Amino acid sequence: MPAALSSALSWLVFGLSCALVAAGGALGGADPVDAAVALGFTPLGAYLTARRRGGAVGPCCLVTALGAVAYFADSYALRPGLPGGRWAAWVGAWAWAPALLTVGGVLLLLVPDGRLPGRAWRPVAATGVAATAAFTVLAALVPEGPDRPFPVEALAPVRDALPAVVVLLAAVSLACAAGLVVRTASAQGERRTQLLWICLGAGAFVAGVFLPAVTRLPAAGVPFILALPACVGVAMLRHDLYGTGPWLRRVLTLGLLTGALALLYFTVAGLTGAPVAAAAAVAVAVEPLHRWLRRASGRILYGGRADPETVHARLGARLAATSEPAEILAAVADAAAEATRAAYVRAELGAPGEPLKVVERGTPAPLGVSVPLRFQDEVLGALGLSGGDVRVLTPLASHAGAALAAAHRAAALQRSRTLLVTAREEERRRFSRDLHDGLGAFLAGIGFTVDAAGNALTADPERARGLLTQIRTQVAEAGSGVRRLVRGLRPPELAQLGLAGAVEHTAATLGAGGVEIDVTAADVSGLPAAVEVTAYLVAREALTNAVRHGEPRRCAVRLGRTEDGTGFELAVRDDGRGLPPEAVPGVGLTSMRERVEELDGKLTIDAAPGGGTVVTAWIPL
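Letter by letter, the sequence shown follows residues -22 to -1, 1 to 599 in mature numbering (1 follows the signal peptide of the UniProt record, and there is no 0).
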């Protein structure tokens, strides 16, 4: 059956059940147990069937809609003077059976995943279905007094088989209950928790069926009847609530409110005999009862955790009130801790092993669950827990994506500034040391030699002549030191040859070993100094790597401004053996990437079509 059709039919069954119960309640007088069964299970059945979850549990729950039919038929038959009373009494005599017997038997075998526990239970399930069908048919057709519109006299001898069918149904119910207890005792982890919920609801359901006979109050068992569908819903759905939780919470609240108001109405009407007083009590209690049940349904669905609506609302408020990266990350960590009650939560921005920011909550422990923090397919960091459900974290990470992206960029900018200041001060320290220990020492030595030559100029001209020769040597060495300092600040090839000439000079030097290197440069004049230095060093490193490691026959270098003039492009391509898939980036590749990214550019290293490697760099102008 198509999904849309099954969804529409399931909700139609639920709507008809509500309408029949409401009509039967207006007529009054019938046993409310059938109505409680219908109102409790049909919303769950409609939800499961519409969502195509729970296997056969959804259709079994929808069968309980016959309880609403029985309730309305009994209420109708109890009102004298209405046409068709005999037919209504006949429907009420058998329609309740499939509803109650399905819940008390087969349903307990199917929950929580909609499948039988094993092949050994197939005979039990088949016996339960067959006994339920036999009981329903016998209750409907066996002659039993004048209230049967069309008794089948041929089935009169079968009347004696009814007790045997009842005993068989009781045996099936006991077997299903025993199987539920055994499965619960042998289950572990999450499955054990689910089955414990179902055991709790099944016990309450049994109490609700027999409680009216003990207390002589027809509505006394309604809350206990409603406990079983509520517990089944929690067992089957509470671990997947972050996708459907808010909607399911409203449905559960509405179902509990319906049952509670019905109980209040029947109780007040039964004690006072005044329907008007019962209606007034319902009108007064509906609003506070709705608020209380909404909180109660949240506790039922989410246990000790906060519900998703509250968590997301608090997270949104905190994100709107702060712009500091550490506070944004702390808000995400706090929301995860609140939603999961995990003993340890760790949120970090940045690459694994080198985070920009880290926020921890709780006692450090090994991470059992982790999800990436993303924004527009960009991995910003990770959010991890010591234990829990990954589906709880995913909506939180998605909800905070934009704020985390801003925090990541701010943290990365701060890290870059710190690295820039550190590099600048380190460079100043190196430059100062080179000037003091290198050029400074040379100049001081030259000064002493000049003084000595001056003193010896008259008394010992030969010695003065030798000292002047020494001075010339020292000046030459000082000049070499100055050139080394200048080369450390900016490659001299750029100053002497320009970017295109410097790249061609490097290509000629590397190509002396037999590799053909072509250089194509267009419109590279007037570039900023930082772009020139980065482009030259990246081109030199890429060519060196290609010749040294790729064994190419030919390399091609292309550099120039982009067509729109907003950026500078550099591409180095070779026809060598390329990078192996398991290659780990070394110092050279890492330095190229860092140089380009310092200028807010992008560097890519890809396999070339037909073999080889292509290194492409783009730098904004």
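Note that the Cβ used here is the ideal one computed from N, Cα and C, for glycine as well. The structure displayed is predicted, hence computed values, not measured ones.
Counting C-beta neighbours from all protein chains within 10 Å, is the total for residue i 16 or more, i.e. buried, or is it exposed?
i	result
V(-10)	buried
E326	buried
S53	buried
Y220	A caution first: Y220 carries a pLDDT of 44, below 50, which makes its placement in the model too unreliable to give a value.
A138	According to the sequence displayed, residue 138 carries Asp and not Ala. Exposed.
D552	buried
A595	buried
L26	buried
E404	exposed
E510	buried
S410	exposed
P253	exposed
L60	exposed
F183	buried
S(-6)	buried
F19	buried
G282	Low per-residue confidence applies at G282: pLDDT is 46, beneath 50, and the placement is therefore not dependable enough to give any value.
F50	buried
D496	exposed
S458	exposed
N523	buried
D12	buried
A4	exposed
P141	exposed
G45	buried
Do the CB positions of residue i and residue j come within less than 7 Å of each other?
i	j	result
V150	T105	yes
V502	G538	yes
R536	T498	yes
A112	V69	no
L22	P196	no
L363	V349	no
R339	A385	no
A16	A55	no
Q448	I424	no
A165	L173	yes
A28	S(-16)	yes
P90	A213	yes
G545	P506	no
A314	L361	yes
T512	L581	no
V264	A308	no
L445	A430	yes
V260	L239	yes
Y514	L472	yes
State the DSSP-derived secondary structure class of residue i, mapped to helix, strand or coil.
i	result
residue 613	Because the chain here runs from -22 to 599, residue 613 falls outside it and cannot be looked at.
V260	helix
A252	coil
P470	helix
T582	strand
A343	coil
V120	coil
R97	helix
G362	strand
T110	helix
L351	strand
V428	helix
G489	helix
R324	strand
V15	helix
P141	helix
T42	coil
V102	helix
L599	coil
L307	helix
P21	helix
Flag residue i as yes when its Cβ comes closer than 6 Å to any non-hydrogen atom of the ligand NAD, and as no otherwise.
i	result
S410	Annotation note on the ligand NAD: not contained in the displayed structure, which lists no ligands.
Uninterrupted alpha helix (DSSP H) stretches inside the segment 158 to 219 (no shorter than 4 residues): Taking only runs of at least 4 residues, the alpha helix (DSSP H) segments lying wholly in the segment 158 to 219 are 167 to 193 and 200 to 215.
Three-pair Cβ contact test at 8 Å for the segment 66 to 75 versus the segment 23 to 34: Fewer than three beta-carbon pairs drawn from the segment 66 to 75 and the segment 23 to 34 are found closer than 8 Å, and the two stretches are therefore not classed as touching.
Stretch-stretch touch, CB-based, cutoff 8 Å, three pairs: the segment 200 to 208 with the segment 237 to 253: Contact between the segment 200 to 208 and the segment 237 to 253 is present: three or more C-beta pairs spanning the two stretches fall below 8 Å.
Three or more C-beta pairs below 8 Å linking the segment 152 to 161 and the segment 86 to 93: In short, these stretches touch, since the Cβ pair count reaches three.
Contact between the segment 516 to 523 and the segment 562 to 581 (3+ Cβ pairs under 8 Å): Inter-segment contact for the segment 516 to 523 and the segment 562 to 581 is present: three or more beta-carbon pairs are separated by less than 8 Å.
Segment contact flag, the segment 577 to 589 with the segment 475 to 494, C-beta cutoff 8 Å, min 3 pairs: No, the segment 577 to 589 is not in contact with the segment 475 to 494.
Ranges of the beta strand (DSSP E) found wholly within the segment 515 to 566, counting only runs of at least 3: Runs found: 532 to 539 and 545 to 552.
Three CB pairs or more closer than 8 Å across the segment 542 to 556 and the segment 525 to 532: Short answer: they touch.
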